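Report on the following structure.
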Amino acid sequence: MSRPEGMRGSRRSLQVKFVPDEDVLRHISDDTGTKVRKDKAQLSVNVKRFVKKLENISDNEAQEILEENYVAALGICAQDPVGNGSNISGGEVYSFQTPKRSNKMAELASQLAQTPEKNVAPDDSKCPEKMAKTPQSSSNFMWAEIVWKCNLKKKEFVSSTPYRLRKRLAAPDPYLESESEYSASCSEEEDEDEQKEVSTVLSDQKTPAKIKAASTPPLRNSLAKKNKEQKMGNLVEEYFEAHSSSKVLTSDRTLQKLRKRRLDQQTLHDLLKNAPLAYAAEIRDLNQQHESLFSKWMLQLHLGFNIVLYGLGSKRDLLEKFRTSLLQDSVHLVVNGYFPSITVRSILNSITEEVLDHIGTFRSPLDQLEFITKRFKEDSSLELYVLIHNLDSQMLRGERSQQILAQLSSLPSIYLIASIDHINAPLMWDQAKLSLYNWLWYETTTFNPYVEETSYENSLLVQQSGSLALSSLMHVLHSLTLNARGIFRLLAQHQLEKKDNPSYPGLSFQDFYQQCREAFLVNSDLTLRAQLTEFRDHKLIRTKRGADGVEYLLIPVDDSTLTDFLEKEDEDV
Amino acid sequence: GCFVFKPSTKKRRLSDKIAHDFRCTSNDSEDTELRFVTCQSLWNQIKSETEKIQENLNKQLLDNLVSFLSRSHSDFQEKTTEWTCRMKFREIPTAALVLGVNVTDHDLTFRGLSDVLQDNITPYVALLEAKDCPGIKNLMQKLMGQLMKCDIDVDSLEDEDCVQVSQNRIRCSMPSLISWYDSVTKKTDSETPSKKRNSSSRHWQSPPVVVIFRDMESFTTKVLQDFIVISSQHIHELPLVLIFGIATSPMIIHRLLPHSVSSLLCIELFQSLSCKEHLSTIIDKLLLTSRFPFKLGEKVLQVLINIFLYHDFSVQNFIKGFQLCIVEHFYSQPLSVLCCHLADIKKRVYSLSHDQCENIRRLPSFRRYVEKQESGKQIELLTNDSFLKEETEKLLEDLHVYHENYVQILRCLHVFTSSLPKYPLGKQIRELHCACLENRVWETEEYESSLQLARMLNKTDLVTILQQCVEILMSSSGKEFDRAVEKLKEFLTQFQNLEEASQERDVSVSPQKELQKKTDLYHLQKTLLELKESRRSKKLTKFEMLRFEVVDYIDSLVRRYLVPADERTLQEIAYFNGAAVLRGHLNAAPRTALHTALNSPHWYLKNQALRCDGGGISNKAPDICIVYKLHLECGRLINLVDWLEAFSTVVMAAEETNADAASSDQVDDVIHARFIRAVSELELLGFIKPSKQKTDHVARLTWGGC
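Protein chains in written order, with this note's numbering: chain A, 12 to 584; chain B, 81 to 786.
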């Protein structure tokens, strides 16, 4: 890593060595055999070296050295046939937040677009002071500062800007102009005229070509040279820089201004179906590699291990294939964890009711679990394969659910094979749960798109709830009595009246009862309650107890759908 | 979301199934049956061995506990003054069991404990876990459920009403518990001695009720306090004894319970063996023995030990890893069929098929061996199967002998190195073992320095070390070390002789001292200089000579017997070396895999278009990679519009032809849809989440990965 002379006096004599990433990696993988014992013996040397380095280099690299030791001590072996790339040090994966220049994304995009054949990013080759590790950190720090200061200047706050900076700010800078379209997240601080400017710039900037023009690399390079001295963005300073400012600079553009209709779930699905999947052949190869492990999984499941799959890409098809090819002759349970209404209870219920043919209810999941445990221990011929897609889904990731699932999986005749996707999924399990699960980890990177898994997600870009919610609402209501429909209508109307009130808690039960009585819909609060229970079972309403203990009723559907619903209802009547 | 599938066909038996799996998985199809059987029997042996070790290690602890319980209980029995005195203060006898942080291993300890208690002290043992007892009510329910059930077990089914009582769920309170206890003990009292069953005769007249809190730290303080206060009120009616399982330190009792409550307890502390010692014993009994033909390679052992030291301190997990090693080895190595006891080797070697012989010839260690042979033998080995089998048998026996000798000498060397200052070769024998497995230990710096240190040992230390070595070598069954033992004994006698000789020399030195009587400064200087001279060119004393000899002899033993295993021929048969596989399965890094997949997809998708040097990424990468790479350039919040635009810029450039041909709305929509999919995939993976801070923005949840 070659760095220019330091701006602090003490660092003037620093010696720097360029260490490319490959070398670091090779070093780590070569050292696979290094042992703790050796580390202990070399500790004194290491400490000395560490101290020396600490004087010379940034924390970033020192941390790397420590990591190296740890990684070496763990005995990573690079010669993995499947190649899960585990020889990446943690520092690359987990690092501090670094301040980002706002239009960096557009720049990178244009870079990627410009260099279709020669895949090397021009920036990295032209700016030797940038490590591949944090390519933008040093320059970004400066830019964030400039932009920030610039904003301050507009508000005539600038008083302590260093001379150098002021001089540079005075110089005409094409960057700052393009910068003006960006604003802090607290938009109330923005001036009105600036907003207007943004929109004009926005209309101009519609085409990506413009962005390309705005961010021509040569200009940046000359600027970079000029600012060389200031670019010594120390990691510590960067850290505080990134965390101190509450404002985040992003552009104010919204999807509405894009004049693009929002896609609903169905059209999205159709569009994606028509779009060809990139690298289908390679993905197929990858999947075949994983499929060759199926029988090994079976063996290990039978030997008392449970299997968890991780890696990028949907593992649903893989598990499904496993199921159809090997589990046809045995009792098995498939759990779609990504399903938004899945609960542990429903998993346990399907085991007791359908696998064990038990009719009856249980007071608590724990009782149910106990029952299942007992049955499986009594009857050794009983065995069950459980496949859970997305064990880390929203509904199953809770501590209690995981505890129950772990206990379930620890039964010798229940074989669990599950998949996880979330980056923090392993945090769900503590040592006790891990030992209950008795996992064997398998990396199955498939690169398959998460079609099913994301279809239930309320994505920002997909039109919310859409036709599905409305049609189901209509469907359910049509199966109800006229009075019940009236009751629901009353509630819906009331909710729409209050739609401008963001802190609307819902309609209290007493008020609702009163209104229903007045409309001759119910004759006692018992009938109303019975009706509400039915609604609740269909997930048409939600009840919530307020601070005063009063029950509030709410329809968990957004207002536009509700309006549509009422219109449709009016048509019908 | 749950779907149950039931097959129509009849199920096969489980054991057949496993064997079947093993068969269809190993497509080498060589001796799979036999391999599977060997694997299973080996694992069962090892499992029972570990259980035995565990039992032995806990024996001391359990004995102490049992004696404590019987003491507290006999007081109650005899209504001695001490008991009544304690009654006055309402103290509950309590055992605090400090078990260490490896919570996952505690299961076995507690199971053993409750078994021992039920056999020797009392039938009334209840084991409570924090997760079952969120409130005092649940705790009482659980407690009474367990106590009454065991009561039913003892009294079998002679009184039906008892069963009904527990089914009707009587009110769970202390008085009902006491009345139950009274009725139970009275019943046993009234029974005639002849009618008594063995189980009750082993117990005392009124056995104590033992309540074990498995994980005391996880209990709610309120529940614990309430339970202790309530039960202390009734201690004179119900001989209750508590056992706390503690993972951290005994201080936790006082931190969890206020003084007013903890004063109601009469606590005695019990400490279990530390998990590190437990591991050492396991390694000693499983790896450093010739009882089991299966061995771990250096890296594998290192991975297992590091998982233990860095991650969980769990001996159970270590054994689980060991099991995985065994399965992997027998599964992946077709020649592992020869990994059996010495007695079976001959039969198995001669029943090898031609393909298996070819497998042997393909082993790297065997190739090295062949290359060293003369040409005639080389041809024989490579072409003649029966000759190869003979040779294999011999080599396998050699390997066996090698391992037996290796262990003995390793122990001897460990005796030496563990007494050196700073332990250059490690304090534990497992470290030494790893060092020896890794490469020729005598070529390492650490070995050199430890020999230097050994050359400076004093005599008493050296003699005790030698005595220990003799003991170790004597204990070995083979005749291999007879000569070595003799030699060491000879050294010992020489040391003995030396002692007598040195006493004589002491006398001879003393006249020299008399010379110094001269007070002349010049002479003094001269004598001092002379002394200095003589010290510099001093001849080695006899003791030093002998010491050198001893160290050299040990060194020669080490060089002869501690050859690293991978230099031995046919080591692949006995040693498991798949450290990478093991690590991938036990100590996986899901986040790293995701990181690699997103940053360098060509690692997985072997396509030239994806390949690119430097830290960059090709614009032809999968959508999610591009979207991910773009989002890395953003701060806390990401504007979706910008993101979409950047994405479409990249994608359009990658698909230039399409963009030119149909720049219609259609293409735009497809890109939009792909973007939506990629973003929602990132959301599923946990990199971003929707944000309400600003319209059409998402928040970034991670840093780094640049």
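By construction, the Cβ of each residue, glycine as well, lies at the ideal position given by its N, Cα and C atoms. Being a predicted model, the structure only gives us computed values, none of them experimental.
CB contact below 8 Å: residue i versus chain B
i: C88 (chain A); result: Its pLDDT being 38, under 50, C88 (chain A) is placed unreliably in this model, and the coordinates cannot settle the point.
i: S421 (chain A); result: no
i: S446 (chain A); result: yes
i: M439 (chain A); result: no
i: G322 (chain A); result: yes
i: I370 (chain A); result: no
i: N459 (chain A); result: no
i: Q465 (chain A); result: The sequence shown places Thr at residue 465 (chain A), not Gln. Output row for T465 (chain A): interface = yes.
i: N317 (chain A); result: no
Neighbour flag for residue i against chain A, beta carbons, 8 Å
i: F83 (chain B); result: yes
i: A206 (chain B); result: no
i: S588 (chain B); result: Here the model assigns S588 (chain B) a pLDDT of 49, short of 50, so the residue's position is not dependable and the matter cannot be decided.
i: Q221 (chain B); result: no
i: W723 (chain B); result: yes
i: T118 (chain B); result: no
i: G766 (chain B); result: yes
i: K671 (chain B); result: According to the sequence shown, residue 671 (chain B) is Arg rather than Lys. So yes, R671 (chain B) belongs to the interface.
i: A733 (chain B); result: yes
i: A534 (chain B); result: no
i: T782 (chain B); result: yes
i: Q396 (chain B); result: yes
i: A668 (chain B); result: yes
Of the listed residues the options, nearest to residue i (C-alpha basis)
i: K86 (chain B); options: A:L427, A:Q521, A:L329, A:L338; result: A:L338
i: C437 (chain B); options: B:K567, B:F727, B:L418, B:V380; result: B:L418
i: Q574 (chain B); options: B:L542, B:T118, B:L553; result: B:L542
i: L479 (chain B); options: B:E652, B:L137, B:V183; result: B:E652
i: P203 (chain B); options: B:F148, B:E209, B:S194, B:Y684; result: B:S194
i: S421 (chain A); options: A:N435, A:L395, A:M439, A:H400; result: A:L395
i: Q403 (chain B); options: B:L376, B:V429, B:L422; result: B:L376
i: H280 (chain A); options: A:D340, A:Y467, A:T492; result: A:Y467
i: D555 (chain A); options: A:L119, A:L312, A:G517, A:K284; result: Before going further, note that residue 555 (chain A) is Lys rather than Asp in the sequence given. If we check each option's Cα against that of K555 (chain A), A:G517 comes out closest.
i: S357 (chain A); options: A:W308, A:L407, A:L329, A:L310; result: A:L407
i: S483 (chain A); options: A:A503, A:T538, A:K550, A:P460; result: A:K550
Supposed close pair residue i, residue j - CB separation, criterion 8 Å
i: N449 (chain A); j: G315 (chain A); result: 7 Å
i: E713 (chain B); j: K115 (chain A); result: 4 Å
i: D403 (chain A); j: H433 (chain A); result: 5 Å
i: I326 (chain B); j: E297 (chain B); result: 7 Å
i: P534 (chain A); j: L427 (chain A); result: A small fix is needed here, since residue 534 (chain A) is Asn in this sequence, not Pro. Their Cβ separation, rounded to whole angstroms, is 52 Å, which puts N534 (chain A) and L427 (chain A) out of contact at 8 Å.
i: L505 (chain B); j: E526 (chain B); result: 5 Å
i: V345 (chain A); j: I431 (chain A); result: Contact doesn't hold; Cβ gap of about 16 Å is too wide.
i: V178 (chain B); j: S329 (chain B); result: 7 Å
i: L393 (chain A); j: S424 (chain A); result: 6 Å
Which residues DSSP lists as bridging residue i, in chain order
i: L398 (chain A); result: A:V345, A:I428
i: F656 (chain B); result: B:L376
i: W452 (chain A); result: A:V319
i: T572 (chain A); result: Looking at the DSSP assignment, T572 (chain A) forms no beta bridge with any residue, so it has no partner.
Chain A residues whose Cβ lies nearer than 7 Å to that of residue i
i: F496 (chain B); result: Those do not exist, as F496 (chain B) stays about 16 Å from chain A at its closest Cβ, beyond 7 Å.
i: Y684 (chain B); result: L297, T456, F458
i: T184 (chain B); result: Q442, A443, S446
Listed by chain order, chain A residues near residue i by CB distance under 9 Å
i: S788 (chain B); result: Chain B is shown from 81 up to 786; residue 788 (chain B) falls before or after that span and cannot be answered.
Contact list for residue i against chain B, beta-carbon separation under 9 Å
i: L283 (chain A); result: V750, A753, R754, I756, R757
Proximal residues of chain A, C-beta to C-beta of residue i below 8 Å
i: P414 (chain B); result: In chain order: nothing, as chain A lies at least about 15 Å away.
i: T124 (chain B); result: The sequence shown places Asn at residue 124 (chain B), not Thr. Ordered by position in chain A, no residue passes the 8 Å Cβ test against N124 (chain B), which lies about 12 Å from the chain.
Chain B contact residues for residue i, given Cβ-Cβ distances below 8 Å
i: R264 (chain A); result: N719, V721, D722, D776
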